[in-house]
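What follows is a single structure, written as structure tokens, with notes after it.
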Amino acid sequence: MELPEALIKYAKRLGFPDPLTTGYKALKRVFELIYLDHEDHAKVISAIPGTTREIIEKSGLSEEKTREIIKMFIDRGGLSGHSKKPGKLVFPVNIGNLKEFNANWPNAPKEFHELMDVLFFEEIHKESEMLNFVKILDKASVVRVLPVDETVNQENKIMDIDSAHAIFDNADLISAVPCGCRAGSKVANRKANDRETECPAPKDLNICFQTNSHAARVLKRDIGGEKITAEEAKRRLDLTEEAGLIHMVANVVDKSNSYILCNCCSCCCSGVYWINSGYGGLYAPSRFGIKLDAQACSGCGDCEERCQFSLISFNDEDTTPVIEFDKCYGCGNCVITCPEEALSLEEVRAKDHIHEEDTYFV
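So my numbering is basically just the index in the sequence shown, starting at one, shifted up by 1113.
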């Protein structure tokens, strides 16, 4: 099937300029599954970007039919509102946004998840556009780790965005959806990083959170999202911390307190997988770093098991953990389960560590 000109241009914008580009074949099939399962869909595709009214007028289809197709594209994650131009509908601005938005496509075919796995877990090991994309993110650090609240002294929480609890407490609207990474991992039958144990994430519980404008966008889509209270969000957050998951948000001060808060693991999440594959700059650490009291440490090994980034190890000759302090992301996972309280977080980065404006994700 030939792609419409609009999708060919979109592929180029994503960094896949021609059919010989590594990964193009997989991306082309992803486009076909999202956008092209009926000939009428190409007419709507050719009318994007634009407002709903503009797309209706340009598509040549009836208003009812065009709205139906637009909703389907939105539900599949192939179309989104422009963050700075209210009412305008656009394709996701980069390959990362495309994955984020369509991760919760209800009843997506197994082939779709397998193809996304090819793009996000295989192409980065080749000289490919996916690898180039990862290298860009490796320098930009557009996502940031949040520490577990109880591991940070209150006087060091100089900003609400140091705290997932504060983000929820200050939100007017909170939503939660199933984790797209884990859904895709399960369908594609993937075990990343040779991790053979079952994913530790809480089962049958929506733990991918959104606040304010992101929540409003999610709740308009038919993707199994639910509106929840701040107290319920914090209750679920506690469960993710018990499971050893890592809190992630955009590395930006959002004045509207609109965030997507993920809870990530090394077995399912592409970002952590990429970090553990050598691209440590992909995520910015929190403003905090780990501190070890070697005298108090009993050498139990709990911290080694808890570190999703594999930065803690033990050698056979010493019961003191070997910690790569300079690479620590300051999540606090190892701190909350240390039976001897030998581990703690300390403030190591200033307020300006966090970007003032989001210049990457739209």
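C-beta: ideal position from N, C-alpha, C; glycine also.
Neighbourhood of residue i by C-beta distance below 8 Å, restricted to the same chain and skipping five residues each side
| i | result |
| --- | --- |
| P1162 | H1195, K1201, L1202, V1203, F1204 |
| V1261 | E1354, H1360, C1444, G1445, N1446, V1448, I1449 |
| P1159 | For the sequence presented, residue 1159 should be read as Ser rather than Pro. Same-chain partners within the cutoff: P1117, E1118, A1119, K1171, S1172. |
| I1168 | V1157, A1160, I1161, T1179, I1183, L1202 |
| P1130 | A1124 |
Beta-carbon proximity check, residue i vs residue j, cutoff 9 Å
| i | j | result |
| --- | --- | --- |
| A1284 | N1370 | yes |
| I1336 | D1188 | yes |
| E1354 | N1446 | yes |
| Y1396 | Q1323 | no |
| M1312 | N1376 | For the record, residue 1312 in the displayed sequence is Cys; it is not Met. Result no, Cβ atoms of C1312 and N1376 do not sit closer than 9 Å. |
| L1405 | L1456 | yes |
| K1416 | A1314 | Residue identity check: residue 1416 is Cys in the sequence provided, not Lys. Not a contact, by the Cβ cut-off of 9 Å. |
| L1211 | H1278 | no |
| L1250 | Y1392 | yes |
| G1394 | K1239 | no |
| L1259 | L1374 | yes |
| G1297 | D1367 | no |
Cβ shell of residue i (< 7 Å), same chain only, five flanking positions each side left out
| i | result |
| --- | --- |
| E1339 | S1288, A1289, N1319 |
| A1407 | T1433 |
| C1441 | P1398, G1402, I1403, L1424 |
| G1414 | F1427 |
| D1282 | A1343 |
| N1325 | A1284, D1285, L1286, S1369, N1370, S1371 |
6 Å Cβ shell around residue i - same chain, five flanking residues per side excluded
| i | result |
| --- | --- |
| E1437 | L1424 |
| L1228 | A1139, R1142, V1143 |
| L1352 | P1315 |
Cβ distance (whole Å) where residue i is taken to contact residue j below 8 Å
| i | j | result |
| --- | --- | --- |
| N1245 | G1128 | 6 Å |
| A1402 | G1357 | Residue identity differs from the one stated: residue 1402 is Gly in this sequence, not Ala. Incorrect: roughly 18 Å between the Cβ atoms, too far for contact. |
| A1124 | L1140 | 6 Å |
| A1363 | V1435 | Actually they do not touch by this definition, with Cβ atoms about 32 Å apart. |
| L1286 | A1346 | Not a contact, Cβ separation roughly 11 Å. |
| C1381 | C1294 | 5 Å |
| C1410 | E1453 | 6 Å |
| S1234 | Y1386 | Just to set this straight, residue 1234 is Phe in the shown sequence, not Ser. Going by Cβ atoms, the distance from F1234 to Y1386 rounds to 6 Å, so yes, they are a contact pair. |
Bridge partner(s) assigned by DSSP for residue i
| i | result |
| --- | --- |
| A1289 | F1322, E1339 |
| N1376 | H1360 |
| R1257 | V1362, A1397 |
| S1426 | V1435 |
| E1460 | F1401 |
| G1384 | Partner(s): none; G1384 has no beta bridge. |
| T1164 | K1201 |
Per the contact definition of three or more C-beta pairs closer than 8 Å, is the region 1172-1186 in contact with the region 1147-1157? yes
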